[in-house]
Structure formats: C-alpha cells, structure tokens
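Data first, discussion second: the structure below is written as structure tokens.
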Amino acid sequence: SYGSIEWRGVHFGQKAHSWREFIDIPKRSRDAFAAALSIHPAESKDLKLLLDQGWKLLDPDELTATPDEYQDFIRRSRGELAIAKSGYVKANSGWFSDRSICYLASGRPVLAQDTGLAAHLPLGEGLLAFSTPDQLLQALDQVNRFYPRHAAAARRLAESHFDSDQVLSRLLASLS
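The numbering used here applies: residue 3 is where the sequence shown begins, and numbers increase by one.
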C-alpha cells in the first residue's frame, strides 16, 4: 500500500480520507451497516466516531480466516458499500475492487464510490456508483426498492465482465 502523496497540488489520500465524508450514512439511512475495518485499538477516537454514527464494526481477520468463511460472509451480506481510497477517487482511473467482484458474483449489489467506473463498466443495475453522500443514499434507496432486480443484474454483470473465459479470452487476444 502507498502512503498519502501530494502531486501537482492534488492530495491522493487513503481510505480513511474517503470514509470521513460518508461517516454519517448509517444515521441518515434506515439500513444497518457493518464495516470490516482493521483499525488499531489505540485509535479510540476513530472507533468511537464510527460506533456513534451507527456502524457495526467487524473483525476482518475473523471474516477472512479461511476462503469458506470469506465466501460465507459475502453470502450473508445484502450487498457491498465500497468506499475507495481517496487517491483512486482523485485519479479517476476506474479502479474497482476484486472484493466487489466477489459480491457481484454472489448476486449481491455493489454501491461503489465513483473512481471513473462508467468508462469501464455498465452502471445502474447491480452496480451503482456514487460521489456524494446524497448520491449514495439515492442509490441505496434504488437497491432497496428493487432488490431482486439489482441482485440478478449483479450476477449477470459478473458473468459478462469478470468470468474467467471472458477475461482470459480478451487478454490472450490482446497479446496476439
């Protein structure tokens, strides 16, 4: 992982910098939110802030102890709220998490902080991008209102864009 950097007057920061903008989402929503974050216990101020805002904190080491436990965690989830490192957001590179692909493949919708995703992936059903807290709440409302449609679209998106036959065929074609 890289540390925060400043380049040409632009700050490319960490995930914590992005989280701050969305910290109050549980209080602004009727939904329950859990976050698997590796926060050092000495960061008591950050831990208290998350808990006070309504986040349920999970131990990522427990959830990912084995591949089966990781799969089970994703299957028990309703979907993923993917907050990206602020550097990825600022770079507008289209960065997308491999964890988000696991959610899509499990038929779980993904609400992803926009990193320029629309240039690379279809958005709107199954995968929704947001830039602001209000956009996130609107996307969450859409997923809640039409969950079966978004869940099915998530799985279709995984199959059409991330299936190994699709990815490897494109990779091999680009090499020849």
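For each residue, glycine too, the CB sits at the ideal point set by N, CA and C.
By DSSP, does Leu-39 sit in helix, in strand, or in coil? Note: Leu-39 maps to coil in three-state DSSP.
Go ahead and pull the three-state DSSP assignment for Gln-140. helix
Residues that Leu-130 bridges to, as DSSP identifies them: Leu-113
Assuming Leu-106 and Arg-157 are in contact, meaning their beta carbons sit under 8 Å apart, how far apart are those beta carbons, in whole angstroms? Right, the Cβ-Cβ distance comes to about 7 Å (below 8 Å), so this counts as a contact.
Inter-residue spacing [alpha-carbon to alpha-carbon] between Thr-117 and Leu-174: 27 Å
Since I believe Leu-130 is in contact with Gln-115 (beta carbons under 8 Å), could you give me their beta-carbon distance rounded to a whole number of angstroms? About 11 Å separates the two Cβ atoms, so there is no contact after all.
Stretch-stretch touch, CB-based, cutoff 8 Å, three pairs: the segment 21 to 31 with the segment 132 to 141: yes
Per the contact definition of three or more C-beta pairs closer than 8 Å, is the segment 62 to 69 in contact with the segment 80 to 98? They do not touch, by the three-pair rule.
Under DSSP, the alpha helix (DSSP H) around Lys-29 begins and ends at which residues? 27 to 30
Return the CA-CA distance between Ser-20 and Phe-35, expressed in angstroms with no decimal places. 17 Å
Can you tell me whether Glu-82 is buried or exposed? The criterion is at least 16 other CB atoms within 10 Å of its CB, across all chains shown. Of the other Cβ atoms in all chains shown, 16 or more fall within 10 Å of the Cβ of Glu-82; this residue is therefore buried.
Do you know how far the Cα of Ile-103 is from the Cα of His-163? 10 Å
Residue nearest to Ala-154 in terms of C-alpha spacing, selected from Ser-40, Gly-126 and Ile-7: Gly-126
Just to confirm the assignment, what range does the beta strand (DSSP E) spanning Ala-84 have? 82 to 84
Sorted by chain position, which residues of the same chain lie with C-beta nearer than 8 Å to Glu-71's C-beta, five sequence neighbours on each side aside? Glu-64 and Leu-65
Would you say Tyr-72 faces chain C, with C-beta separation under 7 Å as the test? Of the chains in the structure shown, none is chain C; there is only one protein chain.
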